[in-house]
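Asker:
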């Protein structure tokens, strides 16, 4: 029990049987201490205790609606990673406080340290800055000082030592601050936020003093509508906490802090990315030149062969990308002249044969018709169809590997008022998944005939739209042979023809959509090859323009960087004397560099316009070819299809008109850009935004005061939280209130001694890590606590229990160890860990809370906000991000249901049961399936870290004997009407199925979710 307790306490995961065996085999008196040292050195220690401190410090991922951030801040997950990293590095608690409150003033150029200011940034609130400031005041004081200031916000209280004015003076420390995101990589890009506008798609969320002169006013009766403006307040701490407060000194910030675009690491990243774009573009041009040369050679060969009409014509089975493929065996063809009921089975929607087409005339949600066609692993398919009105999204698709409504692979086109394109996606467990790699924005119009060609080989999928390769995609989930389906979502359609054939082994698939690869349905003639050569030549032209643009972008980046460095690195400030000291030569250099940057931007604009024109001309050429094909189809149409053909021709004309207009617009843009080259100027676009060059120093002064070993509260609050999470009860029960309204400590001398042990003496932090002198080290406190005789006591009552219960029924004196329920994260993580399923990778952006059953990372990495959290964790009393200084465990029926029916628990039980059987078989040459004693003992050891009692062993043996018989009787065991979709199927062998259920029972044992 002790080994399991310390493992769960320090790393949040149970010991393995091997670790337990090693511990028991170690006869050294220091065996337990060695285990503690090992656990404190584990990276899992930071994850376990990081989650504890995240409770105390109110960690929340950004919260909002859609793309609108309303609370907390984007990319605040880096603060979570900073907490974990700091704990693993045994960074001093004082240093952590300093960085959380004022890393922007303490280490303004260090992105790693700036992550810590998420402690303050987490309080950001869109709708009311006063709510934001109120929370900053309250949770800073309560979380770090065990002091509640909120009662003093509205008025003075007769017996409260904190006055209303002191509440607002404490607020004044934070009054100037704002929150921003600093880019740390040039490749991050931008994304639109409904609240903040265009923001970095990735970066460090950090605090800075935005308005240094922002005044702080007391609000009459706490109402922010009535500020007392005739008495602005200076920052200060309550007098009751002592008057020894360090002086507040304004801090001059380095360049990279007030103009982060010139941070050396970001400058290097930006230059490297620009250079890489140039190299990549040049390589693409070279590759395309080779492809074009090969295409021209092949065209000449085919033309010569056709002219000679000899057998020297190229074989259709040539493996070149430029060759078509053999006709192959036709697997299925349907021109939809009638609805073949032996093949097509409508699932939803009013499918009908009309004028030689398969028609869906009423819009709905994923209206589907399944085809009873079994496809080989590799195949090619061509689908001709037209999306029609009514509808809004007009998603029209073809699915293969279809298994009812549970799973499939699919490709579809879509078009709406805001976007159009082609998408490859999949469905598993009845849930659609849309990987970003499968998305290709493209021009799709309602009423325009679409020819969609597919080539499928293993997990690789190629898709052509009207003869042009659009998608080269690796399907991310394992394929399961199945049927086909046609479907329409939020639209209607007419399907003209479907052809499916084998994919010849010699057909060369494209691994990138950048390659020009012919559809496997295109015939190989001199005309078709000439068209391909034209496409290759057009593609080469575009790639050359892209290379030119990459070079222009690189020159613009270098020029703007040089101009910015000259502009901001010289002594140009608001101080007139400094400005006068600037030499004429410096001013001239600044102007010249600004002129070069201005001109480089104009050159970039020309290169962009040239590329846009080339792309528009290519699109016009492709649209013309598609219109020609459509015209050919129209000419061949039967009389019954005349009306539909005319509609398609009209739509094609409109598509051509828009393509021609796009060319005209691109040409005008190019003319404008070239004209702008003739104008000189210095008004170039700076690389980034400029922020205040000075910080008030208020928060750093406050942080130093809080982290001072002489401060009587800081260390006591910290050790009280640590004690609570090791022993189940706090030394000061009111963990966030050490004031008059709080409760007295149960062991005041112990609290004082632990606080002194944490601080390590009277040394004060000097801005450098105080950990070097051995102070404020939390790992040392953990070691003292878990190696104490108090911690090593049993939870079970001993011989003296009856007398002790009379004297101390609440165990305040800790005459035995408290048992307690695992936290939510430890429950989930342990279930995964026991089955060997836990993904132990560290850090990174938050994971959607909806993926908790399928993504097997540790629980602290999943998205948690006041409105969004993993349902499984919620059932086991996940911390409330609004405030949680101490978790209060509950016992509700839903917890058992989750541990019995969830995919997480069921899959883990089955996988662990299989692993236990494998271990049994490795130790026994001929394992006896009917003798389950050793299997039961092994299962108990893995799940509960103990051996079964004789009574438990007997009951489990009886279960393993009787349960297979019940399973064999079919209806003897009732199935729940719903439950989690397990990722691993139940064993077909009924004896093994019984073992799986036994393991699931043990996961539901009270001893599994309890730390004893």
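Residue numbers (the working numbering): 92 to 1103.
For every residue, glycine included, the Cβ atom is placed at its ideal position computed from N, Cα and C.
Note that the coordinates shown come from a computational prediction; the quantities given were computed from them, not determined experimentally.
Considering only their Cβ atoms, is the gap separating residue 951 from residue 289 smaller than 8 angstroms?
Answerer: Going by C-beta atoms, residue 289 is not nearer than 8 angstroms to residue 951.
Asker: Report yes if the CB atom of residue 181 is closer than 8 angstroms to the CB atom of residue 817, and no otherwise.
Answerer: Contact: no.
Asker: Using a Cβ-Cβ cut-off of 7 angstroms (strictly less than) and excluding sequence neighbours within five positions of residue 1098, which residues of its own chain qualify?
Answerer: 1035
Asker: For residue 173 and residue 207, which I take to be in contact (beta-carbon distance under 8 angstroms), what is that distance rounded to the nearest angstrom?
Answerer: 5 angstroms
Asker: Note the first and the last residue of the continuous beta strand (DSSP E) segment covering residue 591.
Answerer: 583 to 593
Asker: Go ahead and label residue 694 buried or exposed: buried means 16 or more other beta carbons lie within 10 angstroms of its beta carbon, across all protein chains shown.
Answerer: buried
Asker: Name the two residues that bound the continuous beta strand (DSSP E) containing residue 523.
Answerer: 522 to 524
Asker: For residue 443, which beta-bridge partners are listed by DSSP?
Answerer: 450
Asker: Hey, is residue 1042's beta-carbon within less than 8 angstroms of any beta-carbon in chain D?
Answerer: Annotation note: the requested chain D is absent from the structure, which comprises a single protein chain.
Asker: Is it buried or exposed for residue 105, if we count other Cβ within 10 angstroms and need 16 for buried?
Answerer: Counting Cβ neighbours within 10 Å, residue 105 comes out buried, since at least 16 surround it.
Asker: Taking the alpha helix (DSSP H) that residue 168 belongs to, which residues open and close that run?
Answerer: 168 to 179
Asker: According to DSSP, residue 159 sits in a beta bridge with which residue or residues?
Answerer: Paired residue(s): 156.
Asker: For residue 729, collect the residues of the same chain with a Cβ closer than 6 angstroms to its Cβ; drop the 5 residues on either side in sequence, then sort them by chain order.
Answerer: Interpretation of residue 729 is limited by its pLDDT of 46, a score under 50 that renders its predicted location unreliable; the figure taken from the coordinates is listed afterwards. Closer than 6 angstroms at Cβ, skipping near neighbours: no residue.
Asker: Determine the closest residue to residue 390 out of 622, 912, 1007 and 125, with distance taken between C-alpha atoms.
Answerer: 622
Asker: Tell me whether residue 468 sits in a helix, a strand or coil according to DSSP, three-state version.
Answerer: coil
Asker: Can you give me the C-alpha to C-alpha distance between residue 671 and residue 768, rounded to a whole angstrom?
Answerer: Only weak support exists for where residue 671 lies, its pLDDT of 48 falling under 50; the value from the coordinates is given anyway. So the two alpha carbons sit approximately 34 angstroms from each other.
Asker: Please check the pair residue 478 and residue 509, which I expect to be a contact at CB under 8 angstroms, by giving their CB distance rounded to whole angstroms.
Answerer: Actually they do not touch by this definition, with Cβ atoms about 16 angstroms apart.
Asker: Let's test the definition: count the other Cβ atoms within 10 Å of the Cβ of residue 603 and tell me whether it reaches 16, buried, or not, exposed.
Answerer: exposed
Asker: Can you check the stretch 544 to 574 for any beta strand (DSSP E) of at least 3 residues that lies completely inside it and give the ranges in chain order?
Answerer: Here the runs fully enclosed are 551 to 556 and 559 to 565.
Asker: Quick check on DSSP: helix, strand or coil for residue 424?
Answerer: strand
Asker: In the DSSP assignment, find the unbroken beta strand (DSSP E) run with residue 623 in it and report its ends.
Answerer: Careful: residue 623 lies outside any beta strand (DSSP E), inside the alpha helix (DSSP H) at 617 to 660.
Asker: When you compare each of 271, 243 and 250 to residue 262 by their alpha carbons, which one comes out closest?
Answerer: Residue 262 has its Cα closest to that of 243, out of 271, 243 and 250.
Asker: Who pairs with residue 516 in a beta bridge, going by DSSP?
Answerer: 501
Asker: Which residues in the same chain as residue 552 place their Cβ atom closer than 8 angstroms to its Cβ, once the five residues preceding and following it in sequence are excluded?
Answerer: Excluding residues within five positions, the ones whose Cβ falls inside 8 angstroms are 500, 502, 515, 545, 546, 562, 563, 564, 565 and 566.
Asker: With a threshold of 16 other CB atoms inside 10 Å of the CB of residue 1061, please say whether the residue is buried or exposed.
Answerer: exposed
Asker: Candidates 715, 991 and 1086: which alpha carbon is nearest residue 1009's?
Answerer: 1086
Asker: Decide if the stretch 870 to 878 is in contact with the stretch 358 to 376; the criterion is three or more beta carbon pairs, one per stretch, under 8 angstroms apart.
Answerer: no
Asker: Using a Cβ-Cβ cutoff of less than 6 angstroms, which residues in the same chain neighbour residue 795 once the five nearest sequence positions on both sides are dropped?
Answerer: Non-local C-beta neighbours of residue 795 in its own chain, meaning closer than 6 angstroms and more than five positions away in sequence, comprise 337, ordered along the chain.
Asker: List the endpoints of the continuous beta strand (DSSP E) containing residue 435.
Answerer: Its beta strand (DSSP E) spans residues 435 to 437.
Asker: Buried or exposed, going by whether 16 or more other CB atoms sit within 10 Å of the CB of residue 355?
Answerer: Exposed.
Asker: Whose C-alpha, out of 1026, 638 and 745, is nearest the C-alpha of residue 699?
Answerer: 638
Asker: Between residue 595 and residue 465, which are expected to be in contact by the criterion C-beta below 8 angstroms, what is the C-beta distance as a whole number of angstroms?
Answerer: Not quite, the Cβ-Cβ distance comes to about 19 angstroms (not below 8 angstroms), so this is no contact.
Asker: In whole angstroms, give me the CA-to-CA distance for residue 625 and residue 633.
Answerer: 12 angstroms
Asker: Can you have a look at residue 1023 and say buried or exposed, based on whether 16 or more other CB atoms are within 10 angstroms of its CB?
Answerer: The residue in question, residue 1023, is buried, as its Cβ has 16 or more Cβ neighbours within 10 Å.
Asker: Can you tell which of 533, 388, 448 and 845 has its C-alpha closest to the C-alpha of residue 806?
Answerer: 845
Asker: Could you tell me which of 627, 593 and 353 sits nearest to residue 380, measuring between CA atoms?
Answerer: Looking only at 627, 593 and 353, the smallest Cα-Cα distance to residue 380 is reached by 627.
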